[in-house]
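Working notes, structure below.
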DNA sequence: CAGCTACGTTGCGTGTACTGCAACACTCAT
DNA sequence: ATGAGTGTTGCAGTACACGCAACGTAGCTG
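Put into structure tokens, the structure is as follows:
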């Protein structure tokens, strides 16, 4: 690995915490000011950092544009989106699409026609991985070894009394999810929110993404939400079929 | 600036166009494969690129998280948001918030309660800078020299017959906008869409952001939309006041 | 206003760490 | 099997990134 690049890239998460001046950056990197300056200049030239009027540095605009383009290029999202909106039309609840990447699960799409939700507050943000229904599906499909490794490394925050408490409980839950081919989150993240989720598979049967429908208790009970399961699974299967290049699938 | 970092960062926009394999990256950088490999590995370690199952590289998840955090740290957005939603409540149209940064104008917030718009398709995306009302306001406030320099460098795509045709036309338009303290886009980007916009100023009077209300012709005529101008300007002024720390924030 | 400190910036010699080469390992087609 | 196409590794030479020290410029303080 390249030392110089490594140092330069370490600046980004540092600036993500908030603006910093040259001295602070140099200190936290453990390098001389002149070195930090050169790195910052290079980052600046690529638009990844921006120098605000008080001369301090913060993350730059190009970052948005890149994240943007990266998102647009995810073909799963492209394919899934119309199906997600259609599902949303017919049930009215929030629909999420998520993928797994290197120990993290992220939402890559969301449809919610009812409320003016600030979408970017979730898209791209790591999911509550130990409780979210989509996370369970994505992790359940990992190879045994990796699954256990990831499960061991995670924190298990007790969002609610129903949150997954620890790694063993999580692993047995994943096993169950794996068997049944779908997952739920019943008040595990927020007391009053329930979700049902189904996997989207590639041509080789591996899970490439997962989608879920979420609704608060006050609108529909958990049991009522579960009646949507067949519809969710059918939608996921349709997307799977289209993603694999097969003709729209009628299986359920 | 640093050559190594420069090369590494050049990989990012390259991958933004779509996934690429090692050879392609090396070619487009004009370096040896082993060099490209080392750079990619470093980027990978920082989560900025991801290696998909077919071994090709694409942009990684950390990018979203970073863009995310950068966004959250923009205090203008924080302050403006409740005012934007309130404006949206009272008029029902789409409301945008945008800032200028290094030759680009970007939307950093958007409220649209009516339709299930895919918000992220605009947030963070560079604005049609030659025609958008918010862009005119932001550019109009630049120092003479910079304004001209930017105007000269721009492309002037003819989105519609009413699009700004060239740099001189743009500069006179900016002059007008500067004088009157507000701006419009009447079908300059999309034939049937009109916008009115107002500037948000910092304590020193400089324009730090701009906000706009947009609506299609079929809903309200351009004249009708213009009747909203006082409301838009009042909202912008309120935000300006709060941003400058003048008016202490009152409980909502 | 002089003197101070704190900060960003510049030029330069030294030596590190980045580069490109060449050889290797591997997967697919033919 | 054999070949062409990948990605990967170790190594020697040298470009280039590093830290130093000196300078420029603010912003305080007496």
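Chains as they are written, first to last, in full-length UniProt numbering: chain G, 1 to 252; chain B, 1 to 252.
Glycine is no exception: its CB is placed at the ideal position from the N, C-alpha and C atoms.
In this structure, the alpha-carbon of residue 4 of chain B lies about 10 Å from that of residue 10 of chain B. Contacts between residue 42 of chain B and chain G, judged by CB atoms closer than 8 Å, involve 1, 2, 5, 6, 9 in chain order.
In this structure, B:155 is the residue among B:180, B:182, B:155 with its C-alpha nearest to the C-alpha of residue 169 of chain B.
Straight-line spacing of the CA atoms in residue 112 of chain B and residue 216 of chain B works out to 13 Å. The three-state secondary structure of residue 222 of chain G, taken from DSSP, is helix.
Under DSSP, the beta-bridge partners assigned to residue 213 of chain G are G:95, G:196. Beta-bridge pairing by DSSP links residue 201 of chain B to B:207.
For residue 56 of chain G, the three-state secondary structure derived from DSSP is coil.
With a beta-carbon spacing of about 10 Å, residue 150 of chain B and residue 138 of chain B fall beyond the 8 Å limit used to define contacts. Among the residues of the region 163 to 176 of chain G, none has a Cβ less than 8 Å away from any Cβ of chain B. A straight line joining the alpha-carbon of residue 101 of chain G with that of residue 221 of chain B spans about 47 Å. Taken in chain order, the members of the region 24 to 49 of chain G whose beta-carbon sits within less than 8 Å of a beta-carbon on chain B are 38, 39, 41, 42, 43, 45, 46, 47, 48. The Cβ atoms of residue 193 of chain B and residue 239 of chain B do not sit closer than 8 Å to each other. For residue 127 of chain G, same chain residues with a beta-carbon under 7 Å away, outside a window of 5 residues either side, are 98, 105, 106, 107, 134, 135 in chain order.
When DSSP states are grouped into helix, strand and coil, residue 186 of chain B belongs to the strand group. At least 8 Å separates the beta-carbon of residue 16 of chain B from that of residue 48 of chain B.
For residue 107 of chain G, the uninterrupted beta strand (DSSP E) segment begins and ends at 104 to 111. DSSP links residue 100 of chain B through a beta bridge to B:105. The residues 112, 214, in chain order, have a CB closer than 6 Å to that of residue 94 of chain B in the same chain once the five nearest residues on each side in sequence are set aside.
Contact of residue 233 of chain B with chain G by beta-carbon distance below 9 Å is absent, the smallest such distance being about 23 Å. In chain order, 63, 66, 67, 70 make up the part of chain B whose C-beta sits under 8 Å from the C-beta of residue 63 of chain G. The Cβ atoms of residue 67 of chain B and residue 67 of chain G lie closer than 8 Å to each other. At a beta-carbon threshold of 7 Å, the residues of chain B lying near residue 104 of chain G are 61, ordered along the chain. CA-CA distance, residue 63 of chain B to residue 183 of chain G, rounds to 28 Å. DSSP places residue 49 of chain G inside the beta strand (DSSP E), whose first and last residues are 49 to 51. Beta-carbon to beta-carbon, residue 7 of chain G and residue 39 of chain G are separated by about 6 Å, close enough to satisfy the 8 Å threshold. Taken through DSSP and simplified to helix, strand or coil, residue 132 of chain G comes out as coil.
Between the C-alpha atoms of residue 241 of chain B and residue 205 of chain B there is a straight-line separation of about 11 Å.
For residue 12 of chain B, the chain G residues whose C-beta falls within less than 7 Å of its own C-beta are 66, listed in chain order.
Contacts with chain B at 8 Å (Cβ-Cβ) include residue 16 of chain G.
In the structure shown, residue 20 of chain B falls within a strand segment according to DSSP collapsed to helix, strand and coil. Distance from the CA atom of residue 218 of chain G to the CA atom of residue 229 of chain G, rounded to whole angstroms, is 19 Å.
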